[in-house]
Amino acid sequence: MTLLQLRDEDARIVYLATVYHLGRPGSETDPETLQKHDLGLQAIHDTILPELGHAVVEVDVSPYQLMRIAEALLGITNELKQYALSGNSSVARFAETLHWLYPDTVDNPGEAMDLVQHPVKLRNALDYAVRDAQAQVEAARAAAQEAKQADRRRWWDVFKRSKR
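Here the working numbering is used: the sequence shown runs in plain steps of one and ends on residue 164.
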């Protein structure tokens, strides 16, 4: 687990990123089993919400969650640009959350363009931790795949022995 210590302005951006992430269909679905899983950003979303407004917000994240936050930060960069140009969002609850966090965007959607630099800077600041998280996730996937293949070989060996 990695402890993120976020200033209030960073916590607001991460919270908006979790709303963006959760608003996309299938975002909390395991790609292998196609079942809903608890490894996504719902827990981060629920942890940050009551802490908004505090000087520092601390959140424990797994390597997988850190990777998802990084992806969501890049996603809200584009979503903020779209919102600034069109005044609406195709992601559920994104516009409402944006208005709640940044009231200036209610009357002037163009204000969202001023926010674009913030998720980019935050993503860049997290770059080293994200690369480390990616390595951890890839190593865990490789180990799981290797264990699955070893298990398959054991069953095949049992089958071969029973045919003799």
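A virtual CB, placed ideally from N, CA and C, is assigned to each residue, including glycine.
In this structure the region 4–24 lies against the region 49–66, because at least three pairs of beta carbons, one per stretch, are closer than 8 Å. Under the 8 Å Cβ criterion, the region 74–88 counts as touching the region 108–116, having at least three qualifying pairs. Collapsing the DSSP output to three states places Val-56 in a strand. Taking C-beta atoms under 8 Å as the contact rule, Gln-65 and Leu-41 qualify, at a distance of about 6 Å. Residue range 112–115 is occupied by the alpha helix (DSSP H) that includes Leu-115, with no beta strand (DSSP E) assigned at that position.
Spanning the alpha carbons of Ala-43 and Ala-17 requires a straight line of approximately 13 Å.
Just measuring C-alpha positions, the residue of Gln-149, Arg-24, Asp-10 sitting nearest Ser-90 is Arg-24. The C-beta of His-21 has 16 or more other C-beta atoms within 10 Å across all chains shown, which makes the residue buried.
A residue is called buried when at least 16 other Cβ atoms come within 10 angstroms of its Cβ; Pro-50 does not meet this threshold and is exposed.
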